[in-house]
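Numbering (this note's numbering), first residue to last: 8 to 133. Ideal placement from N, C-alpha and C gives every residue a C-beta, glycine not left out. If you're wondering where the values come from, they're calculated on a predicted model, not measured in any experiment.
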């Protein structure tokens, strides 16, 4: 099974950060942290994402880049537009259900900010 250095994926975050809002860049960091935590614990990877998790991360990146709300993006759970394919949506939900509670211990600032972002009202569907 192929594995990839996580740092190569982190560099993609910083390349997007200049054009994205800080909120959007934080969304990317949060999702990557969740995928990394899930992959590390469920797939036994430390420092690398497995091929399956790399594919998920690439898909998440694509969906975020195409998000119609951009700077006003709500958390996915509150979004009126469900842009993920059903199989990918189920996959990211599994990751988030596992990693979400653990984020409070591993990445408390990202976790709390994500919870606060979730309290904001979603914009109207475009």
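Coarse secondary structure for residue i, derived from DSSP in three states
i           : result
residue 48  : helix
residue 121 : helix
residue 57  : strand
residue 115 : helix
residue 88  : coil
residue 126 : coil
residue 76  : coil
residue 18  : In this predicted model, residue 18 has a pLDDT of only 45, less than 50, meaning its place in the structure is not dependable; the value taken from the coordinates is given anyway. Helix at residue 18.
residue 37  : helix
residue 82  : coil
residue 97  : helix
residue 13  : Annotation note: pLDDT 49 at residue 13 (below 50); position unreliable, no value reported.
residue 106 : helix
Which listed residue (the options) has its alpha carbon closest to that of residue i
i           : options           : result
residue 121 : 131, 130, 108     : 108
residue 146 : 112, 82, 88, 98   : There is simply no residue 146 to check, as the chain begins at 8 and stops at 133 in what is shown.
residue 71  : 106, 29, 35       : 35
residue 39  : 124, 123, 74, 106 : 106
residue 84  : 43, 31, 124, 28   : 124
residue 92  : 67, 112, 59       : 67
Residue i to residue j span [Cα, whole Å]
i           : j           : result
residue 102 : residue 76  : 23 Å
residue 128 : residue 87  : 11 Å
residue 114 : residue 63  : 20 Å
residue 131 : residue 33  : 22 Å
residue 50  : residue 41  : 13 Å
residue 78  : residue 52  : 32 Å
residue 104 : residue 90  : 19 Å
residue 98  : residue 119 : 23 Å
residue 110 : residue 100 : 15 Å
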